[in-house]
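J.: Shown below is the structure under consideration.
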Amino acid sequence: MALFGALFLALLAGAYAEIPGCKIRITSKALELVKQEGLRFLEQELETITIPDLRGREGQFFYNISEVKVTELQLTSSELHFQPKQELVLQITNASLGIRFQRQLLYWFFYDGGHINASAEGVSIRIALHLSRDSTGRMKVSNVSCQASVSRMHAAFGGTFRRVYEILSTFITSGMRFLLNQQICPVLFHAGMVLLNSLLDTVPVRSSVDNFVGIDYSLLKDPAVSASHLDMDFRGAFFPLDQGNWSLLNQAVEPQLLEEERMVYVAFSEFFFDTALESYFQAGVLQLLLVGDKVPRDLDMLLRASYFGSIFLSPAVIDSPLKLELRVMAPPRCTIKPSGTTISVTASVIIALAPPNQPEVQLSTMVMDARLSAKMTLRGKALRIQLDLRKFRIYSNQSTLETLALIPLQAPLKTMLQIGVMPLLNERTRRGVQIPLPEGMDFVHEVVTNHAGFITIGADLHFAKGLREVIEKNKPAVPTDPGASSTPPPSTVAAAV
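This is the structure we're talking about:
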């Protein structure tokens, strides 16, 4: 009975699981590029390691090793890979760290000091970033596991007491190796939990697109990691800014990502575009009003010739400015097929005269059905849409005779839409909407493919900014002490002495 109840609850949860409107897949082909940028960031982080001074006495010799700094990271072998189910793992083996420190030695009344260049060799680091969805729907590094060890150290001592240093070198380098082993993982833990999360904070989750609508890119569940890719499911829904809790039920086809040939793939369902169209409709911006000089001259003459001969008008208003109003009557709908993407629009068209300081005189009310083709492109991180008017029909909802009388207006009205309205729409859509990627990363070499109910875009990644530049710009205002709040549990640090 308990098993049946658990099965029923699982089926019920699956039935009500929200369908994503947007998906992103990052493949293993992107990891080499990410690794190159990540290793530069890692080297910069290792240079922040602070090692306590070494002070002591050996017989009559007093020594002090201070100002220990990591100067460079030299790699022999490194690998960045996905690890199911939610981890990204960086493995470094047999690397070396350049180190510089200040030496001071006192023997009776004799003093010796200066800088020493040393190297930590046989450095192995394994760091795993556990990725998950936080309470706001943002992807976060929720945990960092780290193992690090230094096999040996070598220091080239010189100066007056070179032979003495050579005697003490084993003791000094062993102590430095022990301290270095203890410091690597806390620094990397802080880099993952604080600095990389500040980078992920630049990914838009719920933000405004313009003055009318916003976009919700909340993750619906934890990222899914396989050996070859990382998949993220986003809500991918627009909303009117004045109706923050507004939502539209997603009944569209769930987008599918199957390819792995490119670095990254993005998929959008019809739901993604329908929520944009619905949101603009709810915001009341899908309308156009042209009065007087705003009406194209040829169209003005044609409309006056069409109506003035059949409608009795007062001489006082016959020369009044013409008014043309287009208002979308219902939310437009997007249809995606392998052959292309179309948007269907139904709008009312009101033609009237607008005499100054007098009530307007309505000449005609008609209905317009239009079908627009939509071409999707991806530039940087912005999804852009180019619209083109393909099919157009006007008719009267009052009488068949008036519908017949409107036939001569079909061509000029279509031309007016192409010349006067479509450029305004494309000016808005050309700005595009941002795809949920961190700041500093862009798409390049994109290829758009249409499917039944969704589109996919395959692309490569490009770092327009370095990780360090973006993190420095967006890191928390109050610096976190790497040695305090970001220190990992002792079990995560492998210290070999």
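Residue numbers for the sequence shown follow the working numbering, so the first one is 130 and each next one is one higher.
The beta carbon of each residue, even a glycine, is placed where N, CA and C say it ideally should be.
1) If distances are taken between C-alpha atoms only, which option among Ile-221, Thr-177, Ala-412, Glu-388 comes closest to His-319?
2) If we call anything under 7 Å between Cβ atoms a contact, is Asp-517 one with Cys-463?
3) In this structure, how does DSSP classify Glu-166 when only helix, strand and coil are distinguished?
4) Fully enclosed by the segment 464-520, which beta strand (DSSP E) runs are 3 residues long or longer?
5) Run the CB neighbour count on Phe-387, radius 10 Å, all protein chains shown included, and call it buried at 16 or more, exposed below.
6) Using a Cβ-Cβ cut-off of 6 Å (strictly less than) and excluding sequence neighbours within five positions of Leu-136, which residues of its own chain qualify?
7) Please name the residue in Ser-336, Leu-317, Ser-376 whose C-alpha comes closest to that of Glu-174.
8) So, at 7 Å on beta carbons, what are the nonlocal neighbours of Ala-224 in its own chain, with the 5 sequence-adjacent residues on each side left out?
9) Which same chain residues, not among the five before or five after Arg-186, have their C-beta less than 8 Å away from its C-beta?
10) DSSP three-state label for Ala-588, please.
11) Skipping 5 residues on each side, what residues in its chain have a beta carbon closer than 8 Å to that of Leu-542?
12) Going by DSSP, what residues sit across from Tyr-524 in a beta bridge?
13) In this structure, does DSSP put His-580 in helix, strand or coil?
14) Could you give the distance in angstroms between the alpha-carbon of Met-495 and the alpha-carbon of Asp-571?
15) Just to confirm my understanding: we take Ser-620, look at its own chain, exclude 5 residues before and 5 after, and list those with CB closer than 6 Å. What are they?
16) Would you list the residues sitting across from Thr-124 in a DSSP beta bridge?
17) Considering just the uninterrupted stretch of the alpha helix (DSSP H) at Thr-558, what are its terminal residues?
18) Is DSSP giving Glu-147 helix, strand or coil here?
19) For Glu-208, tell me which candidate among Gln-220, Lys-214, Gln-215 has the shortest Cα-Cα distance.
20) Quick one: residues in its chain with C-beta nearer than 8 Å to the C-beta of Leu-329, no 5 flanking neighbours on either side, listed in chain order?
21) What are the boundary residues of the alpha helix (DSSP H) that includes Asn-603?
22) For Glu-172, which residues of its own chain have a beta-carbon under 8 Å away from its beta-carbon, when the five flanking residues on both sides are left out?
23) Given a threshold of 16 other Cβ atoms within 10 Å of its Cβ, counted over all protein chains shown, does Gln-312 qualify as buried or as exposed?
24) State the DSSP-derived secondary structure class of Thr-532, mapped to helix, strand or coil.
25) Which one of Met-282, Glu-389, Gln-212 has the shortest CA to CA distance from Ala-356?
26) Whose C-beta lies closer than 8 Å to the C-beta of Val-626 among residues of the same chain, with five residues either side of it excluded?
27) Can you check which of these residues, Ala-257, Asp-241, Val-197, is closest to Phe-79 by C-alpha distance?
28) Nearest-angstrom Cα distance between Leu-325 and Ser-525?
29) Pairing CB atoms from the segment 231-238 with CB atoms from the segment 335-351, are three or more of them under 8 Å?
30) Considering only the alpha carbon of each residue, which of Val-279, Gln-563, Lys-350 lies closest to Thr-222?
31) Just curious, the beta strand (DSSP E) that Thr-200 is in, first and last residue?
32) Can you find the residues in the same chain that come closer than 6 Å, C-beta to C-beta, to Ser-195, ignoring five residues on each side of it along the sequence?
33) Tell me, which residues are paired with Asn-246 by DSSP?
34) Can you give me the C-alpha to C-alpha distance between Val-163 and Arg-513, rounded to a whole angstrom?
35) Who are the Cβ neighbours of Lys-466 in its own chain at under 8 Å, not counting the five residues just before and after it?
36) Which residue's Cα is closest to the Cα of Tyr-240: Lys-214, Arg-184, Phe-190, Gln-276?
T.: On the basis of the coordinates in this document:
1) Thr-177
2) no
3) helix
4) 469-482, 490-508
5) According to the sequence displayed, residue 387 carries Leu and not Phe. Exposed: under 16 other Cβ atoms inside 10 Å.
6) Confidence at Leu-136 is low in this model, with a pLDDT of 46, below 50, so its placement is unreliable and the value that follows should be read with caution. Excluding positions up to five away in sequence, the list is empty.
7) Leu-317
8) Leu-202, Gln-203, Leu-204, Thr-205, Val-252
9) Tyr-192
10) DSSP places Ala-588 in strand when its eight states are reduced to three.
11) Correct list, in chain order: Leu-428, Val-478, Met-497, Phe-521, Ile-523.
12) Val-496
13) coil
14) 46 Å
15) With a pLDDT of 37 at Ser-620, under the threshold of 50, the modelled position of this residue cannot be trusted; read the value that follows with caution. Closer than 6 Å at the Cβ level, and outside the excluded window around Ser-620, lies no residue.
16) Because the chain in this structure spans residues 130 to 626, residue 124 falls outside the shown range and cannot be described.
17) 551-558
18) coil
19) Gln-220
20) Arg-267, Met-268, Lys-269, Val-270, Pro-567
21) 596-603
22) Glu-201, Leu-202
23) buried
24) helix
25) Gln-212
26) Note that Val-626 scores a pLDDT of 33, beneath 50, so its modelled location is shaky; the value from the coordinates is reported in the next line. Correct list, in chain order: Ser-303, Arg-306, Phe-307, Asn-310.
27) In the structure as shown, the chain starts at 130 and stops at 626, and residue 79 therefore has no counterpart that could be examined.
28) 60 Å
29) no
30) Val-279
31) 190-203
32) Asp-182, Gln-231
33) Arg-229
34) 26 Å
35) Asn-579, Ala-581
36) The shortest C-alpha separation from Tyr-240 is found at Phe-190.
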